[in-house]
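Trainee: One structure, as structure tokens, below. Some questions next.
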Amino acid sequence: MLALLASGCGSKGERAQTGSPDSLVLGASMSLTGSLAREGLLTKEGYDLCQATVNAKGGVPIGDRKYRLDIRYQDDTSKPDTAGTLVDQFNDQGVKLILGPYGSATTEAAAAVVERNHQVMADSAGADDKIFEKGYTRTFAVLSPATRYAASIVKAIAELAQPRPKRIAFLSADDGFSKTVTAGGTAEAKAQGMEVVATEYFPNGASDVSASLTKVKSKQPDVIIGSVHLVEGVAIIKQAKELGITPAGGFGETVAPPTPDFVQTLGPIAENVLGSTQWTPQTSGEDDWFGTAADYVTAFKTKFGRVPEYHNAEATAACLTLVLGAQQAGTTDPDKIRDAVAGLNAASFFGPITFDPTGKNVAKPMAVIQIQHGKPVTVWPKSDAEAPLIWPGLS
Amino acid sequence: MSQFFQATIYGLLQGGLLALIAAGFSLVWGVMNVVNLAHGAFVLVGAYLAWELSRVGVDPFLGMLVAALALFAAGYAIQRLLVNLVVNAPVFITLLLTFGLELLLVNGLILLFSADYRSIRTSYASRSLVLAGDVRVPVGRLLAFAVAIGITLALVALVRRTRTGLAIMATGMDRGAARLMGIRARHVYALTFGIGAAIAGAAGAMVGTVDTFSPADAGRFTLFSFVVAVLGGLGNMYGALLGGLVLGLVEAWGSQYLPGTLVNAVAFAVLVAVLIVRPSGLIGRAHYAARVEV
Numbered sequence: 001m002l003a004l005l006a007s008g009c010g011s012k013g014e015r016a017q018t019g020s021p022d023s024l025v026l027g028a029s030m031s032l033t034g035s036l037a038r039e040g041l042l043t044k045e046g047y048d049l050c051q052a053t054v055n056a057k058g059g060v061p062i063g064d065r066k067y068r069l070d071i072r073y074q075d076d077t078s079k080p081d082t083a084g085t086l087v088d089q090f091n092d093q094g095v096k097l098i099l100g101p102y103g104s105a106t107t108e109a110a111a112a113v114v115e116r117n118h119q120v121m122a123d124s125a126g127a128d129d130k131i132f133e134k135g136y137t138r139t140f141a142v143l144s145p146a147t148r149y150a151a152s153i154v155k156a157i158a159e160l161a162q163p164r165p166k167r168i169a170f171l172s173a174d175d176g177f178s179k180t181v182t183a184g185g186t187a188e189a190k191a192q193g194m195e196v197v198a199t200e201y202f203p204n205g206a207s208d209v210s211a212s213l214t215k216v217k218s219k220q221p222d223v224i225i226g227s228v229h230l231v232e233g234v235a236i237i238k239q240a241k242e243l244g245i246t247p248a249g250g251f252g253e254t255v256a257p258p259t260p261d262f263v264q265t266l267g268p269i270a271e272n273v274l275g276s277t278q279w280t281p282q283t284s285g286e287d288d289w290f291g292t293a294a295d296y297v298t299a300f301k302t303k304f305g306r307v308p309e310y311h312n313a314e315a316t317a318a319c320l321t322l323v324l325g326a327q328q329a330g331t332t333d334p335d336k337i338r339d340a341v342a343g344l345n346a347a348s349f350f351g352p353i354t355f356d357p358t359g360k361n362v363a364k365p366m367a368v369i370q371i372q373h374g375k376p377v378t379v380w381p382k383s384d385a386e387a388p389l390i391w392p393g394l395s
Numbered sequence: 001m002s003q004f005f006q007a008t009i010y011g012l013l014q015g016g017l018l019a020l021i022a023a024g025f026s027l028v029w030g031v032m033n034v035v036n037l038a039h040g041a042f043v044l045v046g047a048y049l050a051w052e053l054s055r056v057g058v059d060p061f062l063g064m065l066v067a068a069l070a071l072f073a074a075g076y077a078i079q080r081l082l083v084n085l086v087v088n089a090p091v092f093i094t095l096l097l098t099f100g101l102e103l104l105l106v107n108g109l110i111l112l113f114s115a116d117y118r119s120i121r122t123s124y125a126s127r128s129l130v131l132a133g134d135v136r137v138p139v140g141r142l143l144a145f146a147v148a149i150g151i152t153l154a155l156v157a158l159v160r161r162t163r164t165g166l167a168i169m170a171t172g173m174d175r176g177a178a179r180l181m182g183i184r185a186r187h188v189y190a191l192t193f194g195i196g197a198a199i200a201g202a203a204g205a206m207v208g209t210v211d212t213f214s215p216a217d218a219g220r221f222t223l224f225s226f227v228v229a230v231l232g233g234l235g236n237m238y239g240a241l242l243g244g245l246v247l248g249l250v251e252a253w254g255s256q257y258l259p260g261t262l263v264n265a266v267a268f269a270v271l272v273a274v275l276i277v278r279p280s281g282l283i284g285r286a287h288y289a290a291r292v293e294v
């Protein structure tokens with residue numbers, strides 16, 4: 001209670017608290033402007049909710065004292081090199097605990113700096129497996145790795161779709177993350193005995209994917225799976241409609257379909273598109289800070305007036321990881337917190353949080369959603385499903 | 001073979017859209033020697049205006065006219081009050097000014113509309129006409145293409161047939177002489193900038209109808225405009241159209257027959273090749289290069 005009084009209340013007090021002995025300072029390099037501004041904002045909202053919730057409960061108990069969370073943001077303008085520089089600057093200011101930026105490229109840049117400076121980073125949105133193949137020991141990702149994104153859609157189709165599709169085509173953006181997603185999906189398709197009839201790449205961020213679609217059309221795939229971000233994902237559905245491309249089964253896309261923009265921009269033609277997501281409000285698991293996924297939705301709605309997206313949830317989960325780490329370490333010493341995070345085995349509103357030696361959260365499954373009546377609905381895994389899969393999925 | 005036709009048609013339509021985006025940029029650059037880095041942001045303002053109007057039931061092709069008018073007024077004012085201050089300054093200063101304007105507009109749009117992706121939905125834009133061999137012609141893109149051709153022809157008629165248009169060309173060729181003939185250069189410049197912005201606004205409404213947009217796209221639109229303007233050449237009203245069509249076709253054919261990721265490399269290779277052979281673009285006449293500033 002004394003700590004609370006001492007640290008003041010109200011958001012204006014933030015500056016005064018900076019570096020005060022009773023606050024746990026977390027640094028976040030964030031895409032507040034630039035090409036990833038939208039997702040950056042979602043990530044920031046997730047971090048903000050974590051800070052508000054933890055502080056409302058009195059702060060993080062470390063040893064016999066309670067520390068208020070103090071998250072400091074710097075705008076990396078969606079550029080990886082800036083993200084690296086900012087994380088370095090945090091280190092110069094003595095900020096050793098880092099919350100990850102949005103996206104794989106910025107996270108990869110930040111991870112290298114974190115390693116060198118002996119900081120600790122909770123990665124909320126950098127899913128590219130490459131980040132974890134460099135032997136880093138101080139970056140921990142709460143989200144499922146890139147290889148699972150398309151693979152989970154393939155798995156869901158193999159398990160649920162009747163008739164079972166045989167021919168799959170992949171359309172992929174050419175950034176590292178999307179390529180890894182495609183490789184993971186291809187491997188899964190082969191393991192499920194399906195034939196990959198085409199894999200077409202286009203530039204990351206392309207709003208015209210017509211050439212790739214025309215090339216795929218003649219191969220007559222049963223399912224077209226896009227390893228994409230929102231822009232390319234919307235373009236695939238829009239231009240497939242324009243070009244009269246109608247695979248017998250339908251479309252699946254990573255990342256894009258669960259975001260509200262997908263349905264908003266596409267309208268009725270978004271219907272029945274499959275997508276994979278890191279988190280849904282049906283995810284099972286519970287923790288002391290945020291409760292269940294349903295509790296998280298309620299808390300988020302109260303603060304921001306709308307239902308959270310998975311970007312929000314993964315950000316909060318990353319923040320939660322550092323909170324739990326500090327709690328278990330019983331000290332603010334970054335090396336001890338790193339060790340505690342590495343040994344974490346926790347359930348949470350985001351699903352299980354446990355890291356393998358490379359820092360990937362391999363315990364957490366991904367969910368598959370389908371746009372049904374203008375809303376993303378969980379269809380896989382079966383245990384969390386809200387509705388059966390509609391198949392074939394062409395509207 | 002039908003794949004080739006499909007690529008060609010789609011490339012031409014896409015090229016028309018690029019030409020529309022670039023037409024205003026090319027006009028302003030050709031006449032005033034101002035490289036307007038805020039052009040992409042103007043396109044976006046047009047897109048958001050048309051989008052807002054579409055939400056209250058206004059068809060984007062009607063919204064396009066409103067966006068064009070609004071941006072004409074804004075463009076006229078920006079030139080008179082802002083760009084005019086530095087129009088004689090070294091090109092770096094105008095670059096800096098328009099870059100600042102772009103930052104202001106883009107971040108203003110993020111504040112107003114958030115960074116979410118938007119698209120203007122119509123019942124007809126994603127329908128398509130089916131030709132022989134299952135080759136499709138998307139209606140929305142076809143209409144946008146028609147708008148691009150229409151605006152180009154209107155620009156040509158303007159600069160060839162009307163006193164205002166002749167004044168614009170005259171000022172572009174030799175400002176000093178134009179002034180001696182009684183042309184109010186300040187007004188003509190503002191008019192040019194206004195027309196450029198108006199076309200950007202119209203382009204925005206079209207882009208919004210056939211594609212998605214968000215404030216972050218401003219830089220991409222400016223880059224397209226730059227490439228198309230340089231490729232087609234300045235000082236000729238057909239320049240942007242030709243540049244756009246060439247770029248659209250090259251991109252469509254390139255990504256059809258080469259790995260899709262090479263599409264940007266192919267487009268820029270063509271640009272470099274054209275510049276080696278024809279330094280002032282395909283059909284450009286760089287008046288201002290030989291112009292004496294007074």
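Listed in order, the protein sequences are those of chains A and B.
The first sequence begins at 1 in this note's numbering and counts up one residue at a time.
The second sequence begins at 1 in this note's numbering and counts up one residue at a time.
Beta carbons are placed, not taken as given, at the ideal position from N, Cα and C, and that holds for glycine.
#1: Measure how close the beta-carbons of I110 (chain B) and G208 (chain B) come, nearest whole angstrom, since I'm counting them as under 8 Å.
#2: By the 10 Å Cβ neighbour count, where 16 or more other Cβ atoms means buried, how is T18 (chain A) classified, buried or exposed?
#3: Closer than 9 Å, Cβ to Cβ, to anything on chain A: give me those residues from the segment 106-119 of chain B, in chain order.
#4: Give, in chain order, every unbroken run of the beta strand (DSSP E) that is at least 3 residues long and sits entirely within the segment 333-394 of chain A.
#5: Give the interface partners of N264 (chain B) over in chain A, defined as CB-CB distance under 7 Å, in chain order.
#6: Using 8 Å as the limit for Cβ to Cβ distance, is R148 (chain A) near chain B?
#7: Counting only C-beta atoms, is G374 (chain A) closer than 8 Å to chain B at any point?
#8: Thinking C-beta only, is Y67 (chain A) closer than 8 Å to L24 (chain A)?
#9: With DSSP as the reference, label P60 (chain B) as helix, strand or coil.
#10: To which residues does DSSP link F251 (chain A) through a beta bridge?
#11: Taking Y10 (chain B) as the query, report the chain A residues whose CB atoms sit under 9 Å from its CB, ordered along the chain.
#12: Where does L5 (chain A) land, buried or exposed, given buried means 16+ other C-beta within 10 angstroms?
#13: So what does L274 (chain A) bridge to, in DSSP terms?
#14: Could you tell me whether the Cβ of A356 (chain A) comes closer than 8 Å to any Cβ of chain B?
#15: Going along the chain, which residues of its own chain have a beta-carbon closer than 8 Å to the beta-carbon of V228 (chain A), five neighbours each way excluded?
#16: Let's test the definition: count the other Cβ atoms within 10 Å of the Cβ of R15 (chain A) and tell me whether it reaches 16, buried, or not, exposed.
#17: Can you name the residues of chain A whose CB is closer than 8 Å to the CB of P259 (chain B)?
#18: Using a Cβ cut-off of 8 Å (strictly closer), state whether A7 (chain B) contacts chain A.
#19: Anyone know if the C-beta pair for E108 (chain A) and D128 (chain A) falls short of 8 Å?
#20: Between B:I183, B:L112, B:W253 and B:T261, which lies nearest to A7 (chain B) when the distance is taken from Cα to Cα?
#21: Once the 5 residues before and after D81 (chain A) are set aside, which same chain residues still bring their CB inside 8 Å of it?
#22: Would you mind working out which of B:A47, B:Y76 and B:F42 sits nearest L62 (chain B), comparing C-alpha positions?
#23: For D288 (chain A) and A313 (chain A), I'd like the C-alpha separation in whole angstroms.
#24: Measuring only from the beta carbon, is A317 (chain A) closer than 7 Å to any heavy atom that is part of the ligand NAP?
#25: What residues in the segment 32-43 of chain A bring their beta carbon closer than 7 Å to a beta carbon of chain B?
#26: Since P61 (chain A) sits in a beta bridge, which residues does DSSP pair it with?
#27: Compare the C-alpha of P247 (chain A) against each of A:T77, A:K166 and A:T147 and name the closest.
#28: State yes or no: is the beta carbon of S397 (chain A) nearer than 8 Å to at least one beta carbon in chain B?
#29: Pick helix, strand or coil for I183 (chain B), following the three-state DSSP scheme.
#30: Any chance you could list the beta strand (DSSP E) runs of at least 3 consecutive residues sitting entirely within the segment 82-142 of chain A, in chain order?
#31: Taking S276 (chain A) as the reference, which of A:T139, A:P145 and A:C319 has the closest Cα?
#32: Helix, strand or coil: which one does DSSP assign to R278 (chain B)?
#33: Listing by chain order, which chain A residues have their CB less than 8 Å from the CB of V130 (chain B)?
#34: Does any residue of chain A have a CB that is nearer than 8 Å to the CB of Q79 (chain B)?
#35: Classify Q17 (chain A) as helix, strand or coil using the three-state DSSP reduction.
#36: Can you tell me whether V34 (chain B) is helix, strand or coil according to DSSP?
Mentor: Taking the coordinates as given:
#1: That pair is no contact at about 17 Å.
#2: For T18 (chain A), the pLDDT reaches just 46, beneath the cut-off of 50, and the residue's location in the model is therefore unreliable, although a value from the coordinates is still provided. Exposed, by the Cβ-count rule.
#3: V106, N107, I110, S114, A115, D116, Y117, R118 and S119
#4: 367-372 and 375-380
#5: P203
#6: no
#7: no
#8: yes
#9: helix
#10: A:I224
#11: D208, S210, A211, T214, Q239, E242 and L243
#12: The predicted position of L5 (chain A) is uncertain, since its pLDDT is 42 and thus under 50; a value taken from the coordinates is nonetheless stated next. That one is exposed.
#13: A:G252 and A:Q370
#14: The amino acid occupying residue 356 (chain A) in the given sequence is Asp; Ala does not appear at that position. For D356 (chain A), the answer is no, since every Cβ of chain B falls outside 8 Å of its Cβ.
#15: L171, S172, A173, S178, I236, E253, T254, V255 and A256
#16: For R15 (chain A), the predicted model reports a pLDDT of 38, less than 50, meaning its position is unreliable and no value from the coordinates is stated.
#17: Y201
#18: yes
#19: yes
#20: B:W253
#21: A109
#22: B:A47
#23: 16 Å
#24: What this structure holds is no ligand at all, so the ligand NAP is not there to describe.
#25: T33, G34, S35, A37, R38 and L41
#26: A:K66
#27: A:K166
#28: Since the first and last residues shown for chain A are 1 and 395, residue 397 (chain A) lies out of range.
#29: coil
#30: 97-99, 120-123 and 139-141
#31: A:P145
#32: coil
#33: G244
#34: no
#35: Because the pLDDT of Q17 (chain A) is 36, which lies under 50, any placement of that residue in the model is unreliable, and the question is left without a value.
#36: coil
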